[in-house]
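All residue numbers in the sequence shown are consecutive under the working numbering, ending with 636.
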Amino acid sequence: MQEQIKSLIEAEFENAEVSFLGEECNFTVQVVSEEFTGLTPVKRQQKVLAGVQELIASGTLHAISVKAMTPAEWQKKSTAL
């Protein structure tokens, strides 16, 4: 399931870094992409969810949380850890 989701997201976002937390049909997906620059958090989530909408609509994917950030935001967050 994760590989399918990753492939769908990577098809939507060129050069995105995609990682997961979770198991079975419930995931948190973290997407790092320059394409999020200038977008609100809601718009970022909408863009990611649009890529996996077919899986959600079919019931294959029951729940997904999205963390979407730019590479600069990711770097700032990871250095703070």
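C-beta: ideal position from N, C-alpha, C; glycine also.
How should Ser574 be labelled, buried or exposed, when 16 other C-beta atoms within 10 angstroms of its C-beta is the threshold for buried? Result: exposed.
Please identify the residue among Gln630, Ser633, Gln608, Ala627 whose C-alpha is closest to the C-alpha of Ile564. Residue Gln608 holds the alpha-carbon nearest to the alpha-carbon of Ile564 among Gln630, Ser633, Gln608, Ala627.
Is Ser588 helix, strand or coil when you go by DSSP? Reduced to three states, the DSSP call for Ser588 is coil.
Taking the straight line between their C-alpha atoms, what separation do you get for Ala612 and Ala627? Distance from the CA of Ala612 to the CA of Ala627, rounded to the nearest whole angstrom, comes to 33 Å.
Using three-state DSSP, classify Leu604 as helix, strand or coil. Here Leu604 sits in helix by DSSP.
Quick one: what does DSSP say Thr583 is sitting in, helix, strand or coil? Strand, per DSSP.
Span of the alpha helix (DSSP H), counted from its first residue to its last, around Ala566: 557-567 is the span of the alpha helix (DSSP H), which, as asked, contains Ala566.
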